[in-house]
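Residue numbers (our numbering): 3 to 243.
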Ligand SMILES: Cc1cc2nc3c(=O)[nH]c(=O)nc-3n(C[C@H](O)[C@H](O)[C@H](O)COP(=O)(O)OP(=O)(O)OC[C@H]3O[C@@H](n4cnc5c(N)ncnc54)[C@H](O)[C@@H]3O)c2cc1C
């Protein structure tokens, strides 16, 4: 069962056309207990027409050397209830969440050329991952490829600033729009241009892109324990058991 935790919004800033940065301080306890690449599920306080509460996942972009203060970046989607509610939340207010969750994290068997590939908002999972302690400890030989349309989320300069020394790994590849029939193939070609033969891969963002890319990388003989996927949207429906 998910345990409800809470954090106070210390500061929040609008960035780019649709992004918002939230700096949060954990309330009532000392350690969030996350590792780079994980996310929290925020209770946005909004009740949906179907009677369910809108609970939404947001990746932690800040480094896991600080377990008390952490940062998330949220894109406001047109008529998205959860992201709109969060964008309206000001400094000083409290957010309730569960987590940390997720397996988009460095595993012990990982080494060699590493592809960190993110589409759209998926860059948040990539940011938290590469600034995390495990990533730097393993010294993974990485490229971070961000497949994104111009002005679609937060500015590239902000991502670079956040990545610090790791920003030299970042390349931005202009994306076809979400839903475009050629998007998955176009994105896979962009990934291949930077890391032709990955031995480790972290893929996040559009499920219609990252799931086929995962299959292609597995087909190259990379082990399942070396390919992590975090699908933010367009997540394929689970097959019935
Ligand atoms: C593991 C995980 C981590 C996530 N981390 C982040 C994060 O760090 N920052 C962030 O902004 N969002 C993140 N998301 C997406 C987030 O959880 C919500 O789906 C998003 O904020 C939309 O919620 P909403 O209630 O506003 O709109 P909804 O009504 O839930 O969504 C409207 C529609 O938009 C789709 N959608 C969601 N995100 C996008 C997108 N980027 N581009 C195009 N369509 C989209 C949804 O699938 C849905 O069809 C993450 C999702 C997952 C599963």
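Heads up, the beta-carbon is just placed ideally off N, CA and C, and yes, glycines get one too.
For residue i, verify whether its CB is less than 6 Å away from any heavy atom of ligand 1.
i, result
"residue 100", "no"
"residue 76", "yes"
"residue 211", "no"
"residue 232", "yes"
"residue 235", "yes"
"residue 174", "no"
"residue 44", "no"
"residue 59", "yes"
"residue 149", "no"
"residue 6", "no"
"residue 85", "yes"
"residue 180", "yes"
"residue 110", "no"
Mind checking whether residue i and residue j have CB atoms under 7 Å apart?
i, j, result
"residue 77", "residue 20", "yes"
"residue 48", "residue 16", "no"
"residue 61", "residue 120", "no"
"residue 189", "residue 149", "yes"
"residue 41", "residue 59", "yes"
"residue 112", "residue 228", "yes"
"residue 144", "residue 108", "no"
"residue 1", "residue 64", "No statement about residue 1 is possible, as the shown extent of the chain runs from 3 to 243 and does not include it."
"residue 66", "residue 153", "no"
"residue 200", "residue 117", "yes"
"residue 93", "residue 158", "no"
"residue 186", "residue 211", "yes"
"residue 168", "residue 202", "no"
"residue 235", "residue 124", "no"
So is residue i buried or exposed if we call it buried at 16+ other beta carbons inside 10 Å?
i, result
"residue 126", "buried"
"residue 164", "buried"
"residue 68", "exposed"
"residue 96", "exposed"
"residue 106", "buried"
"residue 5", "exposed"
"residue 22", "buried"
"residue 90", "exposed"
Based on the DSSP output, what are the partners of residue i in its beta bridges?
i, result
"residue 148", "120, 174"
"residue 61", "41"
"residue 212", "Per DSSP, none; premise fails for residue 212."
"residue 75", "23"
"residue 8", "98"
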